[in-house]
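In terms of full-length UniProt numbering, the sequence shown is residues 1 to 333. Heads up, the thing below is written out as structure tokens.
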Amino acid sequence: MGWEEIIMKYVPSSSRLNILSDLKSVEIFLSVVETRSLTRTAEKLRVAPSTVSKKMAELEERAKAHLISRTTRKVEITQAGMDFYAHCSRLMDEAELAERAIASGRDSLAGRLRVTAPIALTERTLMPHIADFLVQNPAVEIDLDTSTNTKNLRGEGFDLSIRMVARFDVEPDNIVLHENHRHFYASPNYLAEHGEPKHPRDLTAHSCLIVRQGSAAASWPYNDRGRFGRINVSGPFTSNNANTIAELAASGLGVALLGAFIGRDYEGSGRLVRVLEAYSPPASVVVAAAPDCRHLSRPSRAFIDHLSRRLKDVRQEPAALPKRPMLRLVEAL
Numbered sequence: 001m002g003w004e005e006i007i008m009k010y011v012p013s014s015s016r017l018n019i020l021s022d023l024k025s026v027e028i029f030l031s032v033v034e035t036r037s038l039t040r041t042a043e044k045l046r047v048a049p050s051t052v053s054k055k056m057a058e059l060e061e062r063a064k065a066h067l068i069s070r071t072t073r074k075v076e077i078t079q080a081g082m083d084f085y086a087h088c089s090r091l092m093d094e095a096e097l098a099e100r101a102i103a104s105g106r107d108s109l110a111g112r113l114r115v116t117a118p119i120a121l122t123e124r125t126l127m128p129h130i131a132d133f134l135v136q137n138p139a140v141e142i143d144l145d146t147s148t149n150t151k152n153l154r155g156e157g158f159d160l161s162i163r164m165v166a167r168f169d170v171e172p173d174n175i176v177l178h179e180n181h182r183h184f185y186a187s188p189n190y191l192a193e194h195g196e197p198k199h200p201r202d203l204t205a206h207s208c209l210i211v212r213q214g215s216a217a218a219s220w221p222y223n224d225r226g227r228f229g230r231i232n233v234s235g236p237f238t239s240n241n242a243n244t245i246a247e248l249a250a251s252g253l254g255v256a257l258l259g260a261f262i263g264r265d266y267e268g269s270g271r272l273v274r275v276l277e278a279y280s281p282p283a284s285v286v287v288a289a290a291p292d293c294r295h296l297s298r299p300s301r302a303f304i305d306h307l308s309r310r311l312k313d314v315r316q317e318p319a320a321l322p323k324r325p326m327l328r329l330v331e332a333l
């Protein structure tokens with residue numbers, strides 16, 4: 001809590017004396033009362049004696065009262081000065097208590113965490129681990145926002161953001177939690193009707209279902225034997241919800257680029273199969289970001305550590321990969 005906030009909160013309006021305009025004067029005044037000396041105050045605060053005299057004069061001018069009485073031998077504090085000093089002393093006590101409360105909050109595994117994460121990642125991967133964390137830490141509350149918009153974390157009051165980004169988009173202060181493989185998927189029925197793409201450039205002739213990321217044109221990455229490229233794609237449906245894209249792909253509407261954490265369950269049931277496996281794009285990563293990763297609260301740090309441990313065990317492959325249909329036989333029937 002800064003001086004301005006403390007003064008506005010704790011000092012009565014009749015006693016504020018416009019001190020917000022010059023907080024240094026208050027600091028000097030407190031020292032003068034405690035040392036009973038302008039010279040010792042100057043030495044203590046490492047300022048010129050003339051600065052001490054000037055600031056005290058300015059403070060008294062704004063207070064419209066004499067706060068101290070100077071003689072050649074000593075400094076006496078007037079009644080007005082003692083009244084003002086009492087207010088300032090309480091101010092300092094409250095500031096110290098506020099600092100201790102903040103430090104205690106940092107060190108205590110209790111409190112409220114405001115977290116933002118995309119809905120598909122939350123529903124497919126994060127939720128069981130969030131539930132475990134809350135069971136293990138009953139004094140912690142989590143307020144989760146599942147919108148996909150990029151957040152101004154500090155401006156909107158978020159403690160943490162959990163996001164999936166390409167490796168080259170990882171910021172220096174991001175905390176990498178997990179690597180997520182990505183694949184191209186389509187349903188057996190779609191492939192039977194439209195044929196299977198053999199190279200990423202074939203996707204321009206296919207119906208592509210696009211997970212929206214910003215306002216730029218849809219461009220899918222791919223890996224061609226260590227050479228990375230991108231292909232512009234288009235299709236009948238775009239959404240910021242990857243779960244919706246996966247469901248439409250499983251219904252036979254087109255090809256989708258999805259994280260393995262979504263595709264694995266559809267593969268396990270046989271509703272989706274991988275295509276262009278030789279060209280699967282580089283893995284993305286799940287990262288945590290905070291307004292200031294250097295000064296995380298204890299709940300924030302514990303939550304990040306918990307997710308990091310748990311996500312290491314997340315399945316990238318379906319539990320049982322069914323045998324892929326023979327598309328040539330299907331087409332021949």
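Ideal Cβ positions, reconstructed from N, Cα and C, are used throughout, including at glycine.
With the rule of 3 Cβ pairs closer than 8 angstroms, the stretch 170-188 counts as touching the stretch 277-294. Secondary structure at Ala302: helix, using DSSP grouped into helix, strand and coil. When Ser251, Leu67, Ser25 are compared, the shortest CA-CA separation from Glu193 is found for Ser251. One alpha carbon belongs to Pro197, the other to Val285, and they sit about 26 angstroms apart. Pro221 is bridged by DSSP to Arg230. Less than 8 angstroms separates the beta-carbon of Ile142 from that of Ile130. Ala205 counts as exposed, since fewer than 16 other beta carbons sit within 10 angstroms of its beta carbon.
For Val233, same chain residues with a beta-carbon under 6 angstroms away, outside a window of 5 residues either side, are Leu203, Cys208, Ala218, Trp220 in chain order. Glu141: member of the beta strand (DSSP E) spanning 140-145, first to last residue.
The residue from Lys64, Asp83, Ser308, Glu27 with its alpha-carbon nearest to that of Arg46 is Glu27. Assigned with DSSP and collapsed to three states, Thr78 falls in coil, not helix or strand. Remark: C-beta atoms of Glu61 and Ser25 do not approach each other more closely than 8 angstroms. As far as DSSP is concerned, Arg201 takes part in no beta bridge. When DSSP reads this structure, Ile175 sits in a beta bridge with Ala288. For Thr41, the uninterrupted alpha helix (DSSP H) segment begins and ends at 38-45.
Taking a C-beta distance under 8 angstroms as the contact criterion, Leu113 and Leu160 qualify as a contact pair. In the pairwise beta carbon analysis, the stretch 300-308 is classified as not touching the stretch 240-254: fewer than three pairs are separated by under 8 angstroms.
Judged by their CB atoms, Ala42 and Val52 are nearer to each other than the 8 angstroms cut-off. Of the residues Lys55, Ser31, Pro172, Tyr222, the one whose Cα lies closest to the Cα of Lys44 is Ser31. Taking 8 angstroms as the cut-off, the Cβ atoms of Leu177 and Ser269 do not count as close.
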